[in-house]
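Chemist:
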Amino acid sequence: MNEKIVHKVHLLLNKATNNSSKEEAQACLLMAQKLMVEHDISQSEVDIHSEEKECLKKAVRIKTNYERLPWWKKGIARVISENFRCYHYTNRIHRKSSVVFLGLDQDAELAKLTFEFACDAIKYGLKIFAKERKVQNMSTSTGMKNDYMSGWIQGLKDKFKEQVDKCNWGLILVKDALVTQEYETMNLKKGRASSIVISGSSSARSAGYRDGKNFSSPSGRLNA
């Protein structure tokens, strides 16, 4: 039995079962059936694999690279962890910090992947915004930059909320008991809130909000 193929079938069937889009659910189901026929995989083998995965599940920590972590990355991490059944915290070493996602294996991996894409997207969006507004050096316009980024993060948060409400994902996004137990035993101290400078630019915040709501996750959790 090819474990990788069985695992892929298992993921496709899960996605088909939990997907609010009938078209995407059907596509996942057809792909799963195709793989099962091509590789002579029975439903019982998939069920056994699912049971084994349940027995082997554990909370894992997936961390980002260490850096001088800006406030907006912490904001993005907070929004994403809440929507990928994870907790997040920062780990600091030698004046540099890393974002750590704590969750079940696949959830934590997806959270980190989406976090990295979101960080790239917000930086790219800021660059385009500065170019369109002919701001010569956005890095020196700290207040306007922070207006854009705070708007972007709020847009991302609202996009998740709208999709959760629309698809009734409230229960699906509940963190696994194993993850909650692991987090509580860590007894982490609450960090201080970041102090940021803003310019009060409604155009910068609105542009950021629009771009944040249009962000598309590589995992397929978000749709543009």
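The opening position of the sequence shown corresponds to residue 1 in this note's numbering, with each subsequent residue numbered one higher.
Beta carbons: idealized from backbone N, C-alpha and C, even for Gly.
Kindly confirm or deny that the region 173-181 and the region 119-126 touch, where touching means at least three C-beta pairs closer than 8 Å.
Modeler: Taking 8 Å as the limit for Cβ pairs, the verdict is that the region 119-126 does not touch the region 173-181.
Chemist: What separation, rounded to the nearest whole angstrom, lies between the Cα atoms of Asp107 and Pro70?
Modeler: Answer to the nearest angstrom: the Cα atoms are 24 Å apart.
Chemist: Rounded to a whole number of angstroms, what is the C-alpha to C-alpha distance between Lys213 and Ser141?
Modeler: Whole-angstrom Cα-Cα distance: 23 Å.
Chemist: Over the uninterrupted beta strand (DSSP E) stretch that includes Thr90, give me the two end residues.
Modeler: Here the beta strand (DSSP E) through Thr90 covers 87-93.
Chemist: For Leu156, which residues does DSSP report across the bridge?
Modeler: Bridge partners of Leu156: none, in fact.
Chemist: Under a Cβ-count criterion, where at least 16 other Cβ atoms within 10 Å of its own Cβ denotes burial, should Cys167 be classed as buried or exposed?
Modeler: Its Cβ having fewer than 16 others within 10 Å, Cys167 is exposed.
Chemist: Any idea if Val100 is buried or exposed, counting beta-carbon neighbours within 10 angstroms, 16 or more meaning buried?
Modeler: Val100 comes out buried.
Chemist: Going along the chain, which unbroken runs of the alpha helix (DSSP H) with 4 or more residues stay wholly within the region 191-220?
Modeler: Qualifying alpha helix (DSSP H) stretches, in chain order: 202-213.
Chemist: Applying the criterion that 16 or more other CB atoms from any shown protein chain within 10 Å of the CB defines a buried residue, is Lys58 buried or exposed?
Modeler: It counts as exposed.
Chemist: Please report how far the alpha carbon of Met31 lies from the alpha carbon of Ile5, in whole angstroms.
Modeler: Cα to Cα, the separation comes out at about 11 Å.
Chemist: Are the beta-carbon atoms belonging to Gly143 and Ser206 less than 8 Å from one another?
Modeler: No. Outside cutoff.
Chemist: In chain order, what residues of the same chain lie with their CB nearer than 6 Å to the CB of Ser98, ignoring the 5 residues before and after it?
Modeler: The residues are Lys63, Thr64, Tyr66, Asn91.
Chemist: Give me the Cα-Cα distance between His88 and Asp40, rounded to the nearest whole angstrom.
Modeler: Rounded to the nearest angstrom, the two C-alpha atoms are 41 Å apart.
Chemist: Pull the bridge partners of Leu102 from the DSSP assignment, please.
Modeler: In DSSP, Leu102 forms a bridge with Arg61, Tyr87.
Chemist: Could you give the first and the last residue of the continuous alpha helix (DSSP H) run that contains Glu67?
Modeler: Segment: none, Glu67 is in no alpha helix (DSSP H) and carries neither H nor E.
Chemist: For Ser285, which of helix, strand or coil comes out of DSSP?
Modeler: Here the chain comprises residues numbered 1 to 224, so residue 285 is not present and cannot be evaluated.
Chemist: Bridge partners of Ser97, per DSSP?
Modeler: Ser97 is bridged to Glu67, Arg92.
Chemist: Helix, strand or coil for Asp107? Go by DSSP, reduced to three states.
Modeler: Reduced to three states, the DSSP call for Asp107 is helix.
Chemist: Can you list, in chain order, the residues of its chain whose CB lies under 6 Å from that of Lys159, leaving out five sequence neighbours each side?
Modeler: Same-chain partners within the cutoff: Lys213.
Chemist: Closest by CA to Ser201, which one among Lys189, Gly170, Ala130, Lys157?
Modeler: Ranking Lys189, Gly170, Ala130, Lys157 by Cα distance to Ser201 puts Ala130 first.
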